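**Student:** What follows is a structure written as structure tokens; I'll ask about it next.
There are 2 protein chains.
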Amino acid sequence: MLNTTDMMGGGDAPVRDRAATTARILKAASELLAEGGFQKFGVNAVARRAGCDKQLIYRYYGGMDGLVEAIGRELAGWVEEKMPDNGGGGFLLTYGDLVERLLLLFMEALRSDPLMKRIIAWEMSENSPQVRKLADARARALGDWIARVRAGMAPPKGVDTGLMNAILLGAVQQIVLSAEAAGRLGSTVLKTEKDWKKVEQAVQKLVRGVYP
Amino acid sequence: MLNTTDMMGGGDAPVRDRAATTARILKAASELLAEGGFQKFGVNAVARRAGCDKQLIYRYYGGMDGLVEAIGRELAGWVEEKMPDNGGGGFLLTYGDLVERLLLLFMEALRSDPLMKRIIAWEMSENSPQVRKLADARARALGDWIARVRAGMAPPKGVDTGLMNAILLGAVQQIVLSAEAAGRLGSTVLKTEKDWKKVEQAVQKLVRGVYP
DNA sequence: CGGTATCGTCACTGCTGAGTGACTTATCCC
DNA sequence: GGGATAAGTCACTCAGCAGTGACGATACCG
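Protein sequence lines, in the order shown, are assigned to chains D and C. Number 11 in the numbering used here belongs to position 11 of the first sequence; there are no gaps in the numbering. Number 33 in the numbering used here belongs to position 33 of the second sequence; there are no gaps in the numbering.
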């Protein structure tokens, strides 16, 4: 008789609640991914962290693939959660204002989200269908955001805005990931809020350059 | 008159030449890294590919760390090799021209170098001292390049050129890595030379925006 | 009360990798 | 030739991970 519930007090019974367990597994997986990156991400590690047997991961999620998919589903609303449609309250007069707002919001959102940072880093170094799905969902969400917010505002002529915005977004991604991995970008240290203010200004300048 | 296997016939003597073997190991490691990425990069895999026992990796390089270091040393001259000092033969009149040249050269050089692509992806998703060294060396080399080539040309005022160039460089990195990993950047496909021409134009526009 | 579905655990196989000690064999040099 | 040195190989331990089959335990329901 090991940890049977009936004993009062510290009896830490295995709770026997599927919903709670699946949630615990998902949480463990997300945290693990956020903290350790995809390198240490595996069935054993997740099970260990969730405090249950790995068999349950196979039963409830069908293995790692299903689990990653579940994480993706959880993250589907990321853009909606983190990036308000009203762009922070200001009036957006020009297309450039809009893109600038997008980039700064995205940078801030990404900076404060370890999980998303790890996932993007993952996307950069693997090509599995799993990872691809995550990437697609995010890209689509950002596209939707801009389509929704721009609300009829005309994009400037003579510029492939889709490509240009993708490049700018990529630049922001790179900045944040580089700061995460190395604490700096090139030779500029990125630690304090002050450093980041400078980055924001540089990004602004970049946007105003292409979308005057 | 040593290793010339002058003995006749199918004698598959193991050649017994340290210099050649160390070189073979290094080559195998580089290729493996370039082809499979850092995920499948390990002592066993390298030894298998080099056609020798892994023991030799420990003996000659002191393990994977030393081997990575050797790769780094080999890559130290990457910038010098791939990026000509005269900027491709044109005259560089302004600081903007210079940066534009740097970015386009860098993009081209990176695109054609699988190993460097993998290493940068590696840098993005790990933080070990080993990998850090690789990143540092590359960043320094690029900084040296620009310092050397700019040859007294005055940078524009009102711009933190160090930071701005780092951002632009990061953008280019991101473009190339994204193309490598997913075949596209955001929703724009990056396959044909034509696609890349468009990217180059966008990068040019970006540079001219900040350094008019 | 008894049966059954299901939540949870255990023990195991098969595989791959890092790292090491002991061994064999070729080459160098006197 | 003959030993010393170094190149190369083998066989092993230890650990971690993915995946699976069988087993225990409990809550639910008639």
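Where is the CB? At the ideal position from N, CA and C, for every residue including glycine. Remember, predicted model here, so these are calculated numbers, not experimental data.
Give me whichever residues DSSP pairs with residue 188 of chain D in a beta bridge.
**Tutor:** Looking at the DSSP assignment, residue 188 of chain D forms a beta bridge with D/185.
**Student:** Taking 8 Å as the cut-off, does the segment 44-56 of chain C touch the segment 24-32 of chain C (at least 3 CB pairs, one atom from each stretch)?
**Tutor:** Taking 8 Å as the limit for Cβ pairs, the verdict is that the segment 44-56 of chain C does touch the segment 24-32 of chain C.
**Student:** Using a beta-carbon distance below 7 Å, is residue 125 of chain D in contact with chain C?
**Tutor:** It does; some Cβ of chain C falls within 7 Å.
**Student:** Among residues of its own chain, excluding the 5 on either side of residue 114 of chain D, which ones have a beta-carbon nearer than 6 Å to its beta-carbon?
**Tutor:** Result list for residue 114 of chain D: 34, in chain order.
**Student:** Can you tell me whether residue 165 of chain C is buried or exposed, with buried defined as 16 or more other CB within 10 angstroms of its CB?
**Tutor:** By the neighbour-count rule (16 or more Cβ atoms within 10 Å), residue 165 of chain C is buried.
**Student:** So, helix, strand or coil for residue 129 of chain D, using DSSP?
**Tutor:** Helix.
**Student:** Quick test of your reading: residue 179 of chain D and residue 190 of chain D, contact by CB under 8 Å. State the CB separation rounded to the nearest angstrom.
**Tutor:** Right, the Cβ-Cβ distance comes to about 4 Å (below 8 Å), so this counts as a contact.
**Student:** Considering residue 112 of chain D, what are the terminal residues of the alpha helix (DSSP H) in which it resides?
**Tutor:** That residue, residue 112 of chain D, is in no alpha helix (DSSP H); it is neither H nor E in DSSP.
**Student:** Closest to residue 149 of chain C by C-alpha separation, out of C/99, C/173 and C/65, would be which residue?
**Tutor:** Cα-wise, what sits closest to residue 149 of chain C is C/99.
**Student:** Can you list, in chain order, the residues of the segment 176-191 of chain C whose Cβ is nearer than 8 Å to any Cβ on chain D?
**Tutor:** Answer set for the segment 176-191 of chain C: 177, 178, 181, 182, 185, 186, 187 and 188.
**Student:** Got a sec: which bits of the segment 51-80 of chain C sit with their beta carbon under 7 Å from any beta carbon on chain D, in order along the chain?
**Tutor:** Per Cβ criterion, the list is empty.
**Student:** First and last residue of the alpha helix (DSSP H) that includes residue 58 of chain D?
**Tutor:** Looking at the DSSP string, the run of the alpha helix (DSSP H) that includes residue 58 of chain D is 55-61.
**Student:** For residue 192 of chain C, count neighbouring Cβ atoms within 10 angstroms of its own Cβ and tell me buried if that reaches 16, exposed if not.
**Tutor:** Exposed is the call here.
**Student:** Hey, quick one: how far does the alpha helix (DSSP H) through residue 65 of chain C stretch, first residue to last?
**Tutor:** Unbroken alpha helix (DSSP H) run through residue 65 of chain C: 64-75.
**Student:** Can a CB atom of chain C be found closer than 7 Å to the CB of residue 47 of chain D?
**Tutor:** Taking Cβ atoms only, chain C never reaches closer than 7 Å to residue 47 of chain D, which makes this a no.
**Student:** Which residues in the same chain as residue 111 of chain D place their Cβ atom closer than 6 Å to its Cβ, once the five residues preceding and following it in sequence are excluded?
**Tutor:** Contacts found: 176.
**Student:** Spatial neighbours of residue 213 of chain D within its chain, please: CB distance less than 8 Å, with the 5 preceding and 5 following residues excluded, ordered by chain position.
**Tutor:** Nothing can be reported for residue 213 of chain D: it is not among the residues displayed for chain D, which extend from 1 to 212.
**Student:** Could you tell me the distance, in whole angstroms, from the CA atom of residue 18 of chain C to the CA atom of residue 57 of chain C?
**Tutor:** Straight-line Cα distance between these residues: approximately 11 Å.
**Student:** Could you tell me which chain C residues have their CB closer than 8 Å to the CB of residue 103 of chain D, listed as they occur along the chain?
**Tutor:** Near residue 103 of chain D there are no residues of chain C at all, since even the closest Cβ is about 11 Å away, more than 8 Å.
**Student:** Counting only Cβ pairs nearer than 7 Å, list the residues of chain D close to residue 135 of chain C.
**Tutor:** In chain order: 182.
**Student:** Please report how far the alpha carbon of residue 210 of chain C lies from the alpha carbon of residue 139 of chain C, in whole angstroms.
**Tutor:** Rounded to the nearest angstrom, the two C-alpha atoms are 22 Å apart.
**Student:** Out of D/50, D/129, D/152 and D/135, which one is the CA nearest neighbour of residue 22 of chain D?
**Tutor:** That would be D/50, whose Cα lies nearest to the Cα of residue 22 of chain D.
**Student:** Would you mind telling me which residues of chain C sit closer than 9 Å to residue 146 of chain D, beta carbon to beta carbon, in chain order?
**Tutor:** Near residue 146 of chain D there are no residues of chain C at all, since even the closest Cβ is about 11 Å away, more than 9 Å.
**Student:** Residue 141 of chain C CB to nearest chain D CB: under 7 Å?
**Tutor:** Not closer than 7 Å to any Cβ of chain D, the Cβ of residue 141 of chain C fails to qualify, so no.
**Student:** Looking at residue 123 of chain C: is its Cβ nearer than 7 Å to the Cβ of residue 135 of chain C?
**Tutor:** Going by C-beta atoms, residue 123 of chain C is nearer than 7 Å to residue 135 of chain C.
**Student:** State buried or exposed for residue 37 of chain D, treating a residue as buried only when at least 16 other CB atoms are found within 10 Å of its CB.
**Tutor:** Classification of residue 37 of chain D: buried, given that the 10 Å Cβ count is 16 or more.
**Student:** Tell me the rounded alpha-carbon separation between residue 78 of chain D and residue 143 of chain D.
**Tutor:** Going from the Cα of residue 78 of chain D to the Cα of residue 143 of chain D covers about 13 Å.
**Student:** If you draw a straight line from the alpha carbon of residue 128 of chain D to that of residue 66 of chain D, how long is it in whole angstroms?
**Tutor:** If you take the alpha carbons of residue 128 of chain D and residue 66 of chain D, they lie about 13 Å apart.
**Student:** Within this structure, are the beta carbons of residue 106 of chain D and residue 172 of chain D separated by less than 7 Å?
**Tutor:** The answer is yes: Cβ separation under 7 Å.
**Student:** So residue 199 of chain C contacts chain D; which residues on that side make the cut at Cβ distance below 8 Å?
**Tutor:** Neighbours of residue 199 of chain C on chain D, chain order: 163 and 167.
**Student:** Quick check: the Cα distance between residue 198 of chain D and residue 206 of chain D, rounded to an integer number of angstroms?
**Tutor:** Near 12 Å, if we compare the C-alpha coordinates of residue 206 of chain D and residue 198 of chain D.
**Student:** Rounded C-beta distance between residue 170 of chain D and residue 133 of chain D? I'm assuming under 8 Å.
**Tutor:** Between residue 133 of chain D and residue 170 of chain D the Cβ distance is about 19 Å, and since that is not below 8 Å, they are no contact.
**Student:** From the beta carbon of residue 204 of chain C, is the nearest beta carbon of chain D less than 7 Å away?
**Tutor:** So no, residue 204 of chain C is outside the interface.
**Student:** Residues of chain C with CB under 8 Å from residue 34 of chain D, in chain order?
**Tutor:** Under the 8 Å cutoff, chain C gives no residues; its nearest Cβ is about 13 Å from residue 34 of chain D.
**Student:** Is DSSP giving residue 22 of chain C helix, strand or coil here?
**Tutor:** In the structure shown, residue 22 of chain C sits in a helix (DSSP, three-state: H, G or I).
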